[in-house]
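Have a look at this one:
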């Protein structure tokens, strides 16, 4: 995880078995200002989650070993991931696929390919600022006239 200006960036777990699509999603996440965490399989995704809970998950459906639908269900069984948004990003486009995605716990169903602009807007809609909220420390400051103000500095 990288830091910038003493602030920690929100992270997005990207799960896709196709390297080209994984790298494209990585660029979208970086361009939106977030920290990407990449997984090429359900197993890698589960290992990544064990180390660090992301702020959002972009999840492909058609993967070997375990589908994205199955992985989404597993994620929702994990108490740590209850409030983490999961966006299914897939080449599947039927209404029944969308219903399955939403029934397994996904927040949204997106059909590939999605433009960089649309994906970045979607990430910002779910995550807001790329930086995690930090504790604010107040400091009382006064000017030459004796007026007081509280300055908030984030660390």
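In our numbering, the protein residues as written are 2 to 156.
Just so you know, even glycine gets a beta-carbon here, dropped at the ideal spot from N, CA and C.
Because the structure is a prediction, the values reported are computed rather than measured.
Extent of the continuous beta strand (DSSP E) to which residue i belongs
i, result
"residue 110", "109 to 112"
"residue 14", "12 to 16"
"residue 90", "86 to 91"
Residue i - containing alpha helix (DSSP H), residue span
i, result
"residue 100", "96 to 104"
"residue 124", "117 to 128"
Same chain, Cβ closer than 7 Å to residue i, neighbours up to 5 away in sequence not counted
i, result
"residue 120", "29"
"residue 64", "18, 42 and 43"
"residue 5", "Because the pLDDT of residue 5 is 41, which lies under 50, any placement of that residue in the model is unreliable, and the number read from its coordinates should be weighed accordingly. Correct list: empty, nothing qualifies."
"residue 74", "105 and 106"
"residue 128", "11, 35, 56 and 57"
"residue 103", "110"
8 Å Cβ shell around residue i - same chain, five flanking residues per side excluded
i, result
"residue 54", "81, 82 and 85"
"residue 32", "117 and 121"
Option in the options with minimal Cα separation from residue i
i, options, result
"residue 109", "62, 132, 133 and 67", "62"
"residue 47", "25, 112, 103 and 78", "78"
"residue 67", "16, 125, 97 and 93", "16"
"residue 126", "92, 27 and 34", "34"
"residue 72", "52, 92, 26 and 40", "40"
Whether residue i touches residue j by CB criterion (9 Å)
i, j, result
"residue 90", "residue 60", "yes"
"residue 101", "residue 70", "yes"
"residue 12", "residue 45", "no"
"residue 123", "residue 112", "no"
"residue 133", "residue 9", "yes"
"residue 38", "residue 14", "yes"
"residue 76", "residue 88", "no"
Contact set for residue i: own chain, Cβ-Cβ below 6 Å, skip 5 residues either direction
i, result
"residue 115", "none"
"residue 21", "none"
Inset, instruction - Go through the stretch 18 to 76 residue by residue and report every complete run of the alpha helix (DSSP H) that reaches 4 residues or more, in order. - result: 20 to 32 and 43 to 52
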